[in-house]
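Report on the following structure.
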Amino acid sequence: MSAATNGTALRKVAYYKGCLASLSAKELDTSTRALAPKVGLELDELESVTCCGAGDIHEAEPDYYLHLNARILAYGEATGSDTLMTVCNVCTLNLRQANHMLQNDEALLARVNANLEAVGVPPYSGAIEVKHLLWLIAEGEGYELLKQAAHKGLKGLRVAPFYGCQILRPSKLLGFEDPDRPWSLEAIIEACGGEVVDYPAKIKCCGFPIIQAREETALRELMQPIAQARDAGADAMVTPCPLCHLSLDAWQSKLNASERRENPRHEDFHMPILHLSQLIGVAAGLEASELKFKRHVVSVKPVLEKLEA
Amino acid sequence: MPSEPTAAAASTNGALSPTMDVAVKIWRVDPETGERALKTYEVEAPEWVTLLDVLDIIKDRVDGTLAYRKSCRMMICGSCGMRMDGAAVLACKTRMADIVAAGHVPVISPMGNLPIVKDLVVDMGPFWSKMRAMKPWLQPGYEEPPEGKEYHVSQERMNVIHKEALCINCGCCVSECNSMESDPDFLGPAALAKGMRFVGDARDGADVERLEEYNSEHGIWDCTRCYFCNERCPKGVDPRDAIAKLGAESIKHGIDRDMGAKHAKWFVKSAETTGWLRETELVPKTQGVVSSIMQIKFAMGLARRGKVPPPFPPHVAADVKEARALRDIVQQQGREGALGHVQGERALSYIEHHTTAGNRHAPEITPGEEPVNRDVGERP
Ligand code: SF4
Ligand code: SF4
Ligand code: FES
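Protein chains in written order, with the numbering used here: chain A, 1 to 309; chain B, 1 to 380.
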């Protein structure tokens with residue numbers, strides 16, 4: 001059996017990586033895989049699962065959403081693990097919400113199970129818990145291992161945590177920490193040797209859900225965290241959500257363009273955005289091929305240079 | 001600062017009850033000069049007091065010019081919405097004992113996203129005009145019961161609007177709505193929840209017309225799913241879920257011209273065909289071919305970074321036929337639209353939010369503005 005940094009046996013978790021980590025955010029998947037054993041986790045990746053629906057199927061066809069997520073939970077349970085690990089805020093909320101519905105209503109669970117069985121999916125008993133990677137390493141054993149794994153440190157890099165929405169709210173479905181005063185990302189940044197940069201918009205929306213349908217409104221939302229983090233002197237931002245990452249990283253150029261149109265004196269943002277697994281990965285000395293910073297739209301070079309200096 | 005409950009004071013019912021020293025900071029706003037000041041108040045109060053009781057004591061004994069709204073004192077009238085440490089609450093629902101015991105001095109300020117009139121009083125005008133725009137009254141056109149008979153509505157139909165009917169129009173959900181902050185014309189959580197309350201009402205004859213209206217530019221699809229509204233609502237209405245119900249009802253009725261609706265439908269299509277999101281095709285499917293061509297420079301920038309995965313060959317989940325077959329079954333079972341949302345105990349019940357009294361820091365808050373920096377990293 002493989003072992004973690006301190007020699008203890010690895011904890012096996014079912015790993016649901018979701019759409020983004022399979023597609024445009026492959027760097028999230030590679031860095032998570034490389035990091036996992038160092039923080040005591042053995043990932044059992046779910047192969048035959050689908051998208052969680054990203055809140056969109058929940059909105060468009062709620063009963064289908066419930067069944068798709070029940071199917072993911074069922075395959076997670078079938079691995080024999082008690083934990084289904086996610087690396088995305090939106091997956092976390094969608095799966096936890098479906099799980100809560102099924103765990104608290106026997107009749108509903110029975111109907112959904114009958115449908116799952118009809119198409120050849122193993123039935124779901126309601127026993128698995130959905131947890132984001134962040135929660136597994138922000139406290140307890142995972143946190144202790146993280147402190148050891150992050151041996152290279154971050155040399156006081158000034159990091160602004162960005163939580164996004166659906167890992168905090170609604171807290172009755174998430175509930176890991178106080179949604180108005182979260183602490184988990186801060187704890188991790190400090191454990192890695194970074195300096196925490198605080199700012200009010202860290203718990204607000206990145207605009208991603210409406211970035212296509214209502215670009216103007218979304219960009220105004222996106223502006224707040226990036227501008228506040230820069231004003232507070234951040235070298236980089238870190239997020240536990242690949243959708244927030246996409247918004248903060250890939251849409252930053254659009255934000256700059258739209259700000260320039262409104263204010264000719266706008267100073268362009270060049271804020272590097274790191275996935276949670278990448279930030280820890282840097283401190284833990286992961287390879288460039290695992291961190292894959294080349295896939296980012298906003299260059300991460302200034303961060304790497306600062307760490308090498 | 002918290003004190004041992006040793007002193008005894010006359011309580012309102014004439015009996016003696018233990019007291020505590022309560023301190024709060026209140027943002028005072030002078031409407032004439034526009035001046036703002038954060039003032040600290042300390043009063044002795046019975047242990048059972050709510051924030052509203054504390055304000056009453058301050059107004060009685062310390063400063064009669066303090067302005068705030070109240071009426072019922074029992075979470076019914078919706079008058080006393082305000083922010084405590086940046087989060088909208090009903091003052092009459094918020095007990096002070098735990099906060100005092102934690103040694104915390106909370107900052108009280110007016111609700112966000114609404115103009116400030118004086119101190120803790122906001123102008124509810126914009127809130128009411130959005131409510132009015134929802135036409136919150138029954139419109140005729142439904143099937144009349146036979147002469148002398150009652151109109152029966154099934155429990156299942158009532159379930160669809162059970163939570164929405166609990167709204168007391170307090171505005172707490174609007175206070176931190178992220179979309180409304182960026183688009184002040186957004187109809188917002190309270191109004192849209194009211195809209196769902198009528199769309200879902202079996203007696204209302206105008207559900208399709210309503211859905212058409214709520215699908216406007218500042219309607220359903222303007223919501224960014226930040227879930228602040230669900231977090232803040234003191235009555236368990238869960239306005240974001242009401243908006244999801246409106247989305248599902250719109251799509252059920254074929255009202256899908258909005259880019260938001262097209263976006264949502266593309267996820268269904270992706271899950272059904274490949275199992276995973278067909279990310280690259282999402283933009284043209286949402287915005288149409290013409291506007292996505294205008295985005296081409298932006299898209300090329302992303303493509304260079306591998307952010308635009310090639311659509312062919314599609315990334316297909318193993319056993320995707322199961323997901324496809326599930327959709328067929330689900331469609332046959334016909335729990336379309338809002339009905340699909342009100343399944344399971346969760347959908348109907350009011351679940352208290354997780355709170356962590358004792359883990360409170362003291363952010364300084366300017367009325368109507370962002371809460372400023374909070375202390376960082378203290379573990380509960
Ligand atoms: S979920 Fe939507 S309606 Fe609710 S607060 Fe956020 S943006 Fe506003
Ligand atoms: S939905 Fe809730 S928070 Fe919003 S106005 Fe109604 S009762 Fe108040
Ligand atoms: S005073 Fe009526 S709800 Fe608080």
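Heads up, the beta-carbon is just placed ideally off N, CA and C, and yes, glycines get one too.
Short CB-CB distance (under 8 Å) between I128(A) and chain B | Mapped onto the first sequence, residue 128(A) falls at position 128. Cβ-Cβ to chain B under 8 Å: no for I128(A).
Spatial distance of L197(A) from R197(B) (CA atoms) | Along the first sequence, read from residue 1 onward, the residue named residue 197(A) stands at position 197. Along the second sequence, read from residue 1 onward, the residue named residue 197(B) stands at position 197. With the sequence shown as reference, residue 197(A) is identified as Val, and Leu is not the correct amino acid for it. V197(A) and R197(B): Cα-Cα distance of roughly 43 Å.
In whole angstroms, what separates the C-alpha of S289(A) from that of P126(B)?
-> For the purposes of this step, residue 289(A) is identified with residue 289 of the first sequence, where counting begins at 1. For the purposes of this step, residue 126(B) is identified with residue 126 of the second sequence, where counting begins at 1. Between the alpha carbons of S289(A) and P126(B) lies a distance of about 53 Å.
From E139(A), L248(A), A218(A), A213(A), pick the residue whose C-alpha is nearest to that of W183(A); which is it?
-> For the purposes of this step, residue 183(A) is taken as residue 183 along the first sequence, with counting starting at 1. Nearest of E139(A), L248(A), A218(A), A213(A) to W183(A), Cα basis: E139(A).
A91(B): beta carbon under 7 Å from a heavy atom of ligand 3?
-> The residue you call residue 91(B) lines up with position 91 of the second sequence. True, at least one ligand heavy atom lies under 7 Å from that Cβ.
Rounded distance between the beta-carbons of P170(A) and E181(B), thought under 8 Å = Against the second sequence, residue 181(B) aligns to sequence position 181. Against the first sequence, residue 170(A) aligns to sequence position 170. 19 Å between Cβ atoms; not a contact.
With DSSP run on the structure shown, which of helix, strand or coil describes G205(B)?
-> In the second sequence, residue 205(B) corresponds to position 205, counting from 1. It is coil, neither helix nor strand.
Tell me, please, whether the region 78-98 of chain A touches the region 161-181 of chain A by the rule of three or more beta-carbon pairs shorter than 8 Å.
-> yes
For A45(B): DSSP bridge partner residues | Translated into the one-based positions of the second sequence, residue 45(B) becomes position 45. Note: A45(B) sits in a beta bridge opposite M20(B).
Anticipated Cβ contact below 8 Å, D63(A) with R335(B), distance rounded | Counting from 1 along the first sequence, the entry for residue 63(A) is found at position 63. Counting from 1 along the second sequence, the entry for residue 335(B) is found at position 335. Sure, about 4 Å apart at Cβ, within 8 Å.
Is the CB of F127(B) under 8 Å away from at least one CB in chain A?
-> Locating residue 127(B) in the second sequence gives position 127, where the first residue counts as 1. Put simply, the CB of F127(B) is far from chain A, with every gap to its CB atoms at 8 Å or more.
Going along the chain, which residues of the region 214-241 of chain B sit with their C-beta nearer than 7 Å to a C-beta in chain A?
-> W221, D222, T224, R225, C226, Y227, F228, N230, E231
Could you check if Q343(B) is buried or exposed, using at least 16 other CB atoms within 10 Å of its CB as the buried criterion?
-> On the second sequence, position 343 is the one that residue 343(B) refers to. It is buried - the Cβ of Q343(B) has at least 16 other Cβ atoms within 10 Å.
In the DSSP assignment, find the unbroken beta strand (DSSP E) run with T239(A) in it and report its ends.
-> Position 239 of the first sequence, counted from the first residue, corresponds to residue 239(A). 236-239 is the extent of the beta strand (DSSP E) around T239(A).
Any C-beta of chain A under 8 Å from that of D319(B) | Walking along the second sequence from the start, residue 319(B) turns up at place 319. For D319(B), the answer is yes, since a Cβ of chain A falls inside 8 Å of its Cβ.
Does DSSP classify A14(A) as helix, strand or coil?
-> For this step, residue 14(A) is matched to residue 14 along the first sequence. A14(A): strand per DSSP, three-state reduction.
Quick one: using the 10 Å Cβ neighbour count with 16 as the cut-off for buried, is M131(B) buried or exposed?
-> Taking the second sequence and counting its residues from 1, one reaches residue 131(B) at position 131. With 16 or more other Cβ atoms within 10 Å, it is buried.
Out of curiosity, what's the CA-to-CA distance linking V303(A) and S277(A)?
-> Stepping through the first sequence from its first residue, residue 303(A) is reached at position 303. Stepping through the first sequence from its first residue, residue 277(A) is reached at position 277. Roughly 15 Å separates the two Cα atoms.
So, is the C-beta of E250(A) closer than 8 Å to a C-beta in chain B?
-> As a working note, residue 250(A) is residue 250 in the first sequence. Checking the displayed sequence, the identity of residue 250(A) turns out to be Ala instead of Glu. Answer yes: the Cβ-Cβ gap between A250(A) and chain B drops below 8 Å somewhere.
Expressed to the nearest angstrom, what Euclidean distance is found between the alpha-carbon atoms of A7(B) and Y68(B)?
-> The residue labelled residue 7(B) in the question sits at position 7 within the second sequence. The residue labelled residue 68(B) in the question sits at position 68 within the second sequence. Per-residue confidence for A7(B) stands at a pLDDT of 41, beneath the threshold of 50, marking its modelled position as unreliable; the derived number appears in the next sentence. When rounded, the distance between both Cα atoms is 29 Å.
Identify whether W27(B) lies in helix, strand or coil by the three-state DSSP scheme.
-> In the second sequence, residue 27(B) corresponds to position 27, counting from 1. Strand.
Whose C-alpha, out of I161(B), G275(B), D201(B), I168(B), is nearest the C-alpha of H341(B)?
-> One-based indexing of the second sequence puts residue 341(B) at position 341. For H341(B), the nearest C-alpha among the options comes from I161(B).
Answer yes or no: does any C-beta atom of chain B fall closer than 8 Å to that of T50(A)?
-> Residue numbering aside, residue 50(A) sits at position 50 when the first sequence is read from its first letter. Taking Cβ atoms only, chain B reaches closer than 8 Å to T50(A), which makes this a yes.
So with Cβ pairs under 8 Å, would you call K254(A) a contact of chain B?
-> Locating residue 254(A) in the first sequence gives position 254, where the first residue counts as 1. At least one chain B Cβ lies under 8 Å of K254(A).
For the beta strand (DSSP E) that T83(A) lies in, which residues bound it at each end?
-> Position 83 of the first sequence, counted from the start, is the residue given in the question as residue 83(A). For T83(A), the enclosing beta strand (DSSP E) starts and ends at 83-86.
For P189(B), verify whether its CB is less than 7 Å away from any heavy atom of ligand 2.
-> Here residue 189(B) corresponds to residue number 189 of the second sequence, with the count starting at 1. Yes - ligand 2 has a heavy atom lying nearer than 7 Å to the Cβ of P189(B).
Kindly confirm or deny that the region 175-191 of chain B and the region 94-105 of chain B touch, where touching means at least three C-beta pairs closer than 8 Å.
-> no
So what's H132(A) in DSSP terms, helix, strand or just coil?
-> As a working mapping, residue 132(A) is identified with position 132 in the first sequence. Three-state DSSP puts H132(A) in a strand.
Closest Cβ-Cβ distance between K306(A) and chain B: below 8 Å?
-> Position 306 of the first sequence, counted from the first residue, corresponds to residue 306(A). By this cut-off, K306(A) is not an interface position.
Closer than 9 Å, Cβ to any Cβ of chain A: which residues of the region 195-212 of chain B, in chain order?
-> none
CB contact check: P209(A) to chain B, cutoff 8 Å | Counted from its first residue, the first sequence places residue 209(A) at position 209. It does: the Cβ of P209(A) has a partner Cβ on chain B nearer than 8 Å.
What's the C-alpha gap between V282(A) and P272(A)?
-> Residue numbering aside, residue 282(A) sits at position 282 when the first sequence is read from its first letter. Residue numbering aside, residue 272(A) sits at position 272 when the first sequence is read from its first letter. Roughly 14 Å separates the two Cα atoms.
Output, in chain order, the set of chain A residues within a Cβ distance shorter than 8 Å of W276(B).
-> Looking up residue 276(B) in the second sequence gives position 276. Those within 8 Å of W276(B) in chain A are C19, S22, L23, T50, C51.
Could you give the DSSP three-state label for E84(B): helix, strand or coil?
-> Within the second sequence, residue 84(B) is the residue found at index 84, counting from 1. It is worth fixing the name first, because residue 84(B) is Met in this sequence and not Glu. Strand, per DSSP.
Whole-angstrom C-beta distance between L68(A) and A325(B), which should lie under 8 Å = Sequence index remark: in the second sequence, residue 325(B) carries index 325 (1-based). Sequence index remark: in the first sequence, residue 68(A) carries index 68 (1-based). Not quite, the Cβ-Cβ distance comes to about 12 Å (not below 8 Å), so this is no contact.
Examine chain A for any beta-carbon lying closer than 8 Å to the beta-carbon of K307(B), and answer yes or no.
-> Taking the second sequence and counting its residues from 1, one reaches residue 307(B) at position 307. For K307(B), the answer is yes, since a Cβ of chain A falls inside 8 Å of its Cβ.
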